[in-house]
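> Pasting a structure here, questions to come.
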Amino acid sequence: MVEFSPETIEMVIRSVSVIAAGLALIAGIGPGVGMGFAAGKATSAVRRQPEARGSIVTTMLLGQIISGSTGIYSLVIAIYLVFT
Amino acid sequence: MNPGPQVVTHLFGKSYLPVTDTLLIGWLSVILIIILARYLTKNLKLRPEGKQNVAELMVTAIYDQIEPMLPGEGWRFLPFIATIFIYIGFCNLIGFVPGLTSPTGDLNTTLGLALVVFLVSHYEGMREKGVWGYFKSFGQPVIFLLPLNIVSEFAKPISHSFRLFGNIVGGGIIITLIYQAAPGLVPVPLHAWFDLFIGLIQALIFGMVAISYISVAKS
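Protein chains in written order, with the working numbering: chain Z, 192 to 275; chain H, 1294 to 1512.
Pasting the structure below:
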């Protein structure tokens, strides 16, 4: 059985948590795709009905906010992994 | 970069009631907003001119956001939503002043605001449907969904506060990284994006999500 010194264990934990923070940001793919999809649909809706632009933009923003939450969660987890 | 809240001083001795810089800058922005509001609304006239136009533009812009989602109650919710919007927008913009950090980059501020919105939305739901009718609406459409509805109700203030906090802190971290990689004039346009645009958009979004939570609780 190999004994590791506490400094080595500390270093391994820090480096692994930095790698994990980078991996956590992969979650940014999902909100990006979802928000882009919503924006594309809203663009075609505005083209079909230019007079309803205000309510379309409001609805699109609300949907994007909700779908963007997951990206924010991953960002917060990454921040906590790096700075603790 | 935003290093998080720093304890500046203590009220009452050496360890009671710590005062952080978030608290001081938050109060500073409250005082500045009061001075600005007093200046903008001094000697109002029936025919607006000059600074009164700015004040009326802000009020009607916020009113136009509330009225479609809470029909007929725009003026009732205007003070609450406009307070949230103006306070968060001002707090995001005050980070431009050198030496001051945005109070919204601290989870305490955003979670406090989100909890206020949480309490107001539940109060409005109970006012609309009665206390028992409101609690019964969590068991809709089948009683089987009751735990899920309660969990999603408590997830609302968490996601509401972390959204603002994450956006402000994430922008600050990216700007700090670019300052280390390319100091000089390169990061200056990024301040316009991350502080000015994202700050104002996030203030608008926080207010709009507050309106939608209230209208969901009422319907």
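We treat Cβ as the ideally placed atom computed from N, Cα and C, and that holds for glycine.
Source: prediction; values computed, not measured.
Would Z/Ile-270 pass as an interface residue toward chain H - the criterion being a Cβ-Cβ separation below 8 Å?
The residue you call residue 270 of chain Z lines up with position 79 of the first sequence. It does: the Cβ of Z/Ile-270 has a partner Cβ on chain H nearer than 8 Å.
> Any C-beta of chain Z within less than 8 Å: which residues of the segment 1458-1475 of chain H qualify?
Those would be Phe-1458, Gly-1459, Asn-1460, Val-1462, Gly-1463 and Ile-1466, in chain order.
> Counting only beta-carbon atoms, is H/Arg-1456 nearer than 8 Å to chain Z?
Numbered from 1 along the second sequence, position 163 holds the residue referred to as residue 1456 of chain H. Output row for H/Arg-1456: interface = yes.
> Taking 8 Å as the threshold (C-beta atoms), are H/Leu-1400 and H/Phe-1458 in contact?
Working through the second sequence from its first residue, we reach residue 1458 of chain H at position 165. Working through the second sequence from its first residue, we reach residue 1400 of chain H at position 107. Their beta carbons are under 8 Å apart, which means H/Phe-1458 touches H/Leu-1400 by this criterion.
> Which partner residues does H/Val-1312 have in the DSSP bridge list?
For this step, residue 1312 of chain H is matched to residue 19 along the second sequence. Answer is H/Thr-1302.
> Please list the terminal residues of the continuous alpha helix (DSSP H) segment that includes H/Trp-1425.
Position 132 of the second sequence, counted from the first residue, corresponds to residue 1425 of chain H. Note, H/Trp-1425: alpha helix (DSSP H), 1424-1429.
> Distance cutoff 8 Å, beta carbons only. Does H/Ser-1452 sit that close to anything in chain Z?
Numbered from 1 along the second sequence, position 159 holds the residue referred to as residue 1452 of chain H. Chain Z, which has a Cβ nearer than 8 Å to the Cβ of H/Ser-1452, makes this yes.
> Which two residues bound the contiguous alpha helix (DSSP H) that contains H/Pro-1263?
Outside the displayed span of chain H (1294 to 1512) sits residue 1263 of chain H, for which this structure offers no information.
> Is the beta carbon of H/Val-1462 sitting closer than 8 Å to the one on Z/Ile-204?
For the purposes of this step, residue 1462 of chain H is taken as residue 169 along the second sequence, with counting starting at 1. For the purposes of this step, residue 204 of chain Z is taken as residue 13 along the first sequence, with counting starting at 1. Taking 8 Å as the Cβ cut-off, H/Val-1462 and Z/Ile-204 do not qualify as a contacting pair.
> Pick helix, strand or coil for H/Leu-1244, following the three-state DSSP scheme.
This structure gives no information on residue 1244 of chain H, because the portion of chain H shown stretches from 1294 to 1512.
> I'd like to check one pair, H/Phe-1447 with H/Lys-1467: are the Cβ atoms closer than 8 Å?
What you label residue 1467 of chain H is simply residue 174 of the second sequence in a count that begins at 1. What you label residue 1447 of chain H is simply residue 154 of the second sequence in a count that begins at 1. Reading off the sequence shown, one finds Ile at residue 1467 of chain H, where the question assumed Lys. Cβ distance not < 8 Å, so H/Ile-1467 and H/Phe-1447 don't count as in contact.
> With a threshold of 7 Å on Cβ separation, who are the neighbours of H/Ile-1379 within its own chain once the five nearest residues in sequence on each side are excluded?
For this step, residue 1379 of chain H is matched to residue 86 along the second sequence. For H/Ile-1379, where only same-chain residues beyond five positions count, the Cβ hits under 7 Å are Ile-1326.
> Assuming the contact rule is C-beta atoms closer than 8 Å, H/Ile-1374 and H/Ile-1359 should be a hit. Round their C-beta distance to whole Å, please.
As a working mapping, residue 1374 of chain H is identified with position 81 in the second sequence. As a working mapping, residue 1359 of chain H is identified with position 66 in the second sequence. Right, their Cβ atoms sit about 6 Å apart.
> Using a Cβ cut-off of 9 Å, pull out every chain H residue sitting near Z/Leu-214, in sequence order please.
Along the first sequence, read from residue 1 onward, the residue named residue 214 of chain Z stands at position 23. What Z/Leu-214 touches in chain H: nothing, since even the nearest Cβ is about 17 Å away.
> Closer than 7 Å, Cβ to Cβ, to anything on chain Z: give me those residues from the segment 1476-1508 of chain H, in chain order.
Within the segment 1476-1508 of chain H, the qualifying residues are Ile-1498, Met-1501, Val-1502 and Ser-1505.
> Kindly list, in the order they appear in chain H, the residues whose Cβ is closer than 7 Å to that of Z/Val-267.
Within the first sequence, residue 267 of chain Z is the residue found at index 76, counting from 1. Within chain H, the residues near Z/Val-267 are Phe-1455 and Gly-1459.
> Listing by chain order, which chain H residues have their CB less than 8 Å from the CB of Z/Ile-256?
As a position in the first sequence, residue 256 of chain Z is number 65, starting the count at 1. The answer, in chain order, is Arg-1456, Ile-1498, Met-1501 and Val-1502.
> Got a sec: is the Cβ-Cβ distance from H/Pro-1434 to anything in chain Z below 8 Å?
Sequence index remark: in the second sequence, residue 1434 of chain H carries index 141 (1-based). No, because no Cβ of chain Z sits closer than 8 Å to the Cβ of H/Pro-1434.
> Does Z/Ile-263 come within less than 8 Å of chain H when only Cβ atoms are used?
Walking along the first sequence from the start, residue 263 of chain Z turns up at place 72. Yes, Z/Ile-263 lies at the interface with chain H (some Cβ there is under 8 Å from its Cβ).
> Report the residues of the segment 1358-1375 of chain H with a CB closer than 9 Å to any CB of chain Z, ordered along the chain.
Cβ contacts with chain Z come from Gln-1358, Pro-1361 and Met-1362.
> Inspect the beta-carbon positions of H/Ala-1348 and H/Leu-1333 and report whether they are closer than 8 Å.
Taking the second sequence and counting its residues from 1, the one referred to as residue 1348 of chain H is at position 55. Taking the second sequence and counting its residues from 1, the one referred to as residue 1333 of chain H is at position 40. Cβ atoms of H/Ala-1348 and H/Leu-1333: closer than 8 Å.
> Need the endpoints of the alpha helix (DSSP H) that Z/Arg-244 sits in, please.
Reading the first sequence from its first residue, position 53 is the one you call residue 244 of chain Z. Counting along the chain, the alpha helix (DSSP H) containing Z/Arg-244 begins and ends at 244-273.
> So, for H/Leu-1337: in the same chain, excluding its five sequence neighbours on each side, which residues have a beta-carbon less than 8 Å away from its beta-carbon?
By one-based count along the second sequence, residue 1337 of chain H stands at place 44. Cβ neighbours of H/Leu-1337 beyond the five flanking positions: Gln-1345.
> Return the residue from the list H/Leu-1363, H/Leu-1493, H/Gly-1477 and H/Ser-1512 that minimises the CA-CA distance to H/Ser-1395.
Taking the first residue of the second sequence as 1, we reach residue 1395 of chain H at position 102. H/Ser-1395 has its Cα closest to that of H/Leu-1493, out of H/Leu-1363, H/Leu-1493, H/Gly-1477 and H/Ser-1512.
> Do you know how far the Cα of Z/Arg-238 is from the Cα of H/Pro-1311?
The residue labelled residue 1311 of chain H in the question sits at position 18 within the second sequence. The residue labelled residue 238 of chain Z in the question sits at position 47 within the first sequence. Distance between the alpha carbons of H/Pro-1311 and Z/Arg-238 is about 55 Å.
> If you measure from the beta carbon of Z/Ser-235 to each beta carbon in chain H, is any gap under 8 Å?
In the first sequence, residue 235 of chain Z corresponds to position 44, counting from 1. By this cut-off, Z/Ser-235 is not an interface position.
> Mark H/Tyr-1416 as exposed unless 16 or more other C-beta atoms lie within 10 angstroms of its C-beta, in which case mark it buried.
Position 123 of the second sequence, counting from 1, holds the residue named residue 1416 of chain H. Classification for H/Tyr-1416: exposed.
> Assuming Z/Val-209 contacts Z/Val-273 under a Cβ cut-off of 8 Å, what Cβ separation, rounded to an integer in Å, is found between them?
The residue given as residue 209 of chain Z occupies position 18 in the first sequence. The residue given as residue 273 of chain Z occupies position 82 in the first sequence. At roughly 6 Å, the Cβ-Cβ gap stays under 8 Å, so Z/Val-209 and Z/Val-273 are in contact.
> Should H/Pro-1450 go down as buried or exposed, given a rule of 16 or more other Cβ atoms within 10 Å for buried?
Translated into the one-based positions of the second sequence, residue 1450 of chain H becomes position 157. The residue in question, H/Pro-1450, is buried, as its Cβ has 16 or more Cβ neighbours within 10 Å.
> Can you name, in chain order, every residue of its own chain whose Cβ lies under 6 Å from the Cβ of Z/Gly-225, other than the five neighbours on each side?
Within the first sequence, the letter at position 34 stands for residue 225 of chain Z. Closer than 6 Å at Cβ, skipping near neighbours: Ser-258.
> Strictly below 9 Å CB to CB, what residues from chain H border Z/Ser-208?
Taking the first residue of the first sequence as position 1, residue 208 of chain Z is located at position 17. Near Z/Ser-208 there are no residues of chain H at all, since even the closest Cβ is about 16 Å away, more than 9 Å.
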